[in-house]
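Chains as they are written, first to last, in the working numbering: chain A, 3 to 140; chain B, 3 to 140.
The structure under discussion appears below in the form of structure tokens.
Protein chains: 2
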Amino acid sequence: MAKDVKEILKNNSLSITGSREKILGLFLEQPGALAHGDIEKRAGEKFDRVTVYRTLQTFVEKGIIHTIPTADNSIRYALCKDDCKEGHHHDHHVHFVCTQCNITYCLDDVVTPELKLPKGYISTHIEVVAEGICKNCK
Amino acid sequence: MAKDVKEILKNNSLSITGSREKILGLFLEQPGALAHGDIEKRAGEKFDRVTVYRTLQTFVEKGIIHTIPTADNSIRYALCKDDCKEGHHHDHHVHFVCTQCNITYCLDDVVTPELKLPKGYISTHIEVVAEGICKNCK
DNA sequence: TAGTAAAAAGCAACATAGTTGCAAAATCTT
DNA sequence: AAGATTTTGCAACTATGTTGCTTTTTACTA
Numbered sequence: 003m004a005k006d007v008k009e010i011l012k013n014n015s016l017s018i019t020g021s022r023e024k025i026l027g028l029f030l031e032q033p034g035a036l037a038h039g040d041i042e043k044r045a046g047e048k049f050d051r052v053t054v055y056r057t058l059q060t061f062v063e064k065g066i067i068h069t070i071p072t073a074d075n076s077i078r079y080a081l082c083k084d085d086c087k088e089g090h091h092h093d094h095h096v097h098f099v100c101t102q103c104n105i106t107y108c109l110d111d112v113v114t115p116e117l118k119l120p121k122g123y124i125s126t127h128i129e130v131v132a133e134g135i136c137k138n139c140k
Numbered sequence: 003m004a005k006d007v008k009e010i011l012k013n014n015s016l017s018i019t020g021s022r023e024k025i026l027g028l029f030l031e032q033p034g035a036l037a038h039g040d041i042e043k044r045a046g047e048k049f050d051r052v053t054v055y056r057t058l059q060t061f062v063e064k065g066i067i068h069t070i071p072t073a074d075n076s077i078r079y080a081l082c083k084d085d086c087k088e089g090h091h092h093d094h095h096v097h098f099v100c101t102q103c104n105i106t107y108c109l110d111d112v113v114t115p116e117l118k119l120p121k122g123y124i125s126t127h128i129e130v131v132a133e134g135i136c137k138n139c140k
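Rendered as structure tokens:
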């Protein structure tokens, strides 16, 4: 495990609990994003659904993970890069959903493009989700 | 009403029914996108939820409306432009969600930008959702 | 325009997602 | 180690979406 789960929790002033360790561990040990359902399945069994919801919510608030909207109406969560601080979230990269393996990737190096919006529209945040075939499924 | 509801239904070889007329009418008489919940509320009362779901599904299949993914996990639907044919859907424009009035607009004139993806990734569809303040709320 | 086949609506029941309040258990602090 | 604070798990509830089946409506044709 590249980064220590406990350290991440401490750095965000979160108490260290079993569910937080396990859920954060899941994010660290695989490349893609996870939906709430994935976590319940992969978590090795027994977690109360409520605990998972609340843990994810806490992680999002602390800026440890961020949400990714997808077309199939299931919110997915992915780890944030280090420069995400609480309340100040840098999520300016593109997301990629593979239609074959259904994994969602954060393309951290692909920056959200600029947009010319019609007069009067002011955008504060732009979300880009690309769909297609990933490098592993080709 | 700019366009005749019945005509649109006929052009897509759909039978003309009360619910289809009313739901399609809702889309025509307002600029933004509608979520399933909006439709149930605005439909002037009594519609079975199942009927609304099935009607929306039918409209999507026929290419009359398209779906817009949003961050809050509620699928919204909006009218397609005329050049959407069944099975061959042109949805290359950007969507805009106003954080104030919560209306979702189709910015038909703002084309989805090109993206340089990492090697190995092949994208078939790109979805762009901008968030901010719309021209009416400014 | 009446009769009929096909399609859609409505109903019931079920499945999945997500939320809230509260009591029990675990964690942190000193 | 003990008390205060968090977090967990449970139960109940709401919202959202789906499926099968029966009744009603629509479109077609004679």
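Positions of the beta carbon are idealized from the N, C-alpha and C atoms, including for glycine.
Next item on the list: Determine the burial state of A:H94: buried for a count of at least 16 other Cβ atoms within 10 Å of its Cβ, exposed for fewer.
Entry: Here residue 94 of chain A is taken as the residue at index 92 of the first sequence, counted from 1. Burial call: exposed.
Check: With 16 as the cutoff for other CB atoms within 10 Å, does A:G20 come out buried or exposed?
Finding: As a working mapping, residue 20 of chain A is identified with position 18 in the first sequence. Per the 10 Å Cβ criterion, exposed.
Check: For A:K48, does the count of other Cβ atoms within 10 angstroms reach 16, so buried, or fall short, so exposed?
Finding: Walking along the first sequence from the start, residue 48 of chain A turns up at place 46. It is exposed - the Cβ of A:K48 has fewer than 16 other Cβ atoms within 10 Å.
Checklist line | Closer than 8 Å to chain B by CB, A:R37 | finding: As a first step, residue 37 of chain A must be located in the first sequence, where it is residue number 35. For clarity, residue 37 of chain A is Ala in the given sequence; the question names Arg instead. Not an interface residue.
Notebook entry, point to check: By how many angstroms is the C-alpha of B:L11 removed from the C-alpha of B:A4?
Noted result: Taking the second sequence and counting its residues from 1, one reaches residue 4 of chain B at position 2. Taking the second sequence and counting its residues from 1, one reaches residue 11 of chain B at position 9. Legend: pLDDT at B:A4 = 44, less than 50; position of this residue unreliable, value from coordinates given subsequently. Cα to Cα, B:A4 sits roughly 15 Å from B:L11.
Checklist line | Nearest-angstrom Cα separation, counted from B:G39 out to B:I135 | finding: Numbered from 1 along the second sequence, position 133 holds the residue referred to as residue 135 of chain B. Numbered from 1 along the second sequence, position 37 holds the residue referred to as residue 39 of chain B. Each residue's Cα considered, the two are about 23 Å apart.
Note to self: Can you give me the C-alpha to C-alpha distance between B:H97 and B:E129, rounded to a whole angstrom?
What the structure shows: The residue given as residue 97 of chain B occupies position 95 in the second sequence. The residue given as residue 129 of chain B occupies position 127 in the second sequence. Looking at the two C-alpha atoms, the distance is approximately 8 Å.
Note to self: Can you tell me whether B:T57 is buried or exposed? The criterion is at least 16 other CB atoms within 10 Å of its CB, across all chains shown.
What the structure shows: As a position in the second sequence, residue 57 of chain B is number 55, starting the count at 1. Flag for B:T57 reads buried.
Check: Residues bridged to A:I67 by DSSP?
Finding: For the purposes of this step, residue 67 of chain A is taken as the residue at position 65 of the first sequence. A:I67 pairs with A:L81.
Item checked: Terminal residues of the alpha helix (DSSP H) in which A:G27 lies -> Working through the first sequence from its first residue, we reach residue 27 of chain A at position 25. Here the alpha helix (DSSP H) through A:G27 covers 20-30.
Check: Listed in chain order, which residues of the stretch 119-131 of chain B have Cβ atoms closer than 8 Å to some Cβ of chain A?
Finding: L119, P120, K121, G122, Y123, I124, S125, T126, H127, I128, E129, V130, V131
Check: When DSSP builds the beta bridges, which residues end up paired with A:E129?
Finding: Here residue 129 of chain A is taken as the residue at index 127 of the first sequence, counted from 1. Looking at the DSSP assignment, A:E129 forms a beta bridge with B:V131.
Next item on the list: Taking all protein chains shown into account, decide if A:T72 is buried (16 or more other Cβ within 10 angstroms of its Cβ) or exposed.
Entry: The residue given as residue 72 of chain A occupies position 70 in the first sequence. Answer is buried; the Cβ neighbour count reaches 16.
Checklist line | Opening and closing residue of the beta strand (DSSP E) in which A:L11 lies | finding: Position 9 of the first sequence, counted from the start, is the residue given in the question as residue 11 of chain A. Careful: A:L11 lies outside any beta strand (DSSP E), inside the alpha helix (DSSP H) at 7-13.
Item checked: For A:L58, three-class secondary structure by DSSP -> Translated into positions along the first sequence, residue 58 of chain A becomes position 56. Note: A:L58 maps to helix in three-state DSSP.
Next item on the list: Following the continuous alpha helix (DSSP H) through B:D40, name the residue where it begins and the one where it ends.
Entry: What you label residue 40 of chain B is simply residue 38 of the second sequence in a count that begins at 1. First-last of the alpha helix (DSSP H) with B:D40: 38-44.
Item checked: For A:G89, three-class secondary structure by DSSP -> Numbered from its first residue, the first sequence carries residue 89 of chain A at position 87. The predicted position of A:G89 is uncertain, since its pLDDT is 49 and thus under 50; no value can be drawn from it.
Check: In chain B, which residues lie less than 8 Å from A:F49 when you measure between Cβ atoms?
Finding: To locate residue 49 of chain A, count along the first sequence from 1; it is residue 47. Within chain B, no residue comes near A:F49; the closest Cβ sits about 21 Å away, beyond 8 Å.
Check: Within the 8 Å Cβ cut-off, does B:C82 reach chain A?
Finding: Residue mapping note: residue 82 of chain B aligns to position 80 of the second sequence, counting from 1. No Cβ of chain A is located within less than 8 Å of the beta carbon of B:C82.
Next item on the list: Evaluate the contact criterion for the stretch 99-106 of chain B versus the stretch 95-114 of chain A: three or more CB pairs, one atom per stretch, below 8 Å.
Entry: Not touching, per the Cβ criterion.
Margin query: I'd like to know if B:P115 contacts chain A, where contact means its C-beta is closer than 8 Å to some C-beta of that chain.
Written below: One-based indexing of the second sequence puts residue 115 of chain B at position 113. With 8 Å as the cut-off, B:P115 counts as an interface residue toward chain A.
Margin query: Between A:I25 and chain B, is the shortest Cβ-Cβ distance under 8 Å, so that the two count as touching?
Written below: Taking the first residue of the first sequence as 1, we reach residue 25 of chain A at position 23. In terms of beta-carbon proximity, A:I25 stays away from the interface with chain B, with every pair separated by 8 Å or more.
Notebook entry, point to check: Any idea which residues DSSP pairs A:C167 with across the strands?
Noted result: This structure cannot settle anything about residue 167 of chain A, because the visible part of chain A is limited to 3 through 140.
Notebook entry, point to check: In chain B, which residues lie less than 7 Å from A:D111 when you measure between Cβ atoms?
Noted result: Numbered from its first residue, the first sequence carries residue 111 of chain A at position 109. Within chain B, the residues near A:D111 are P120.
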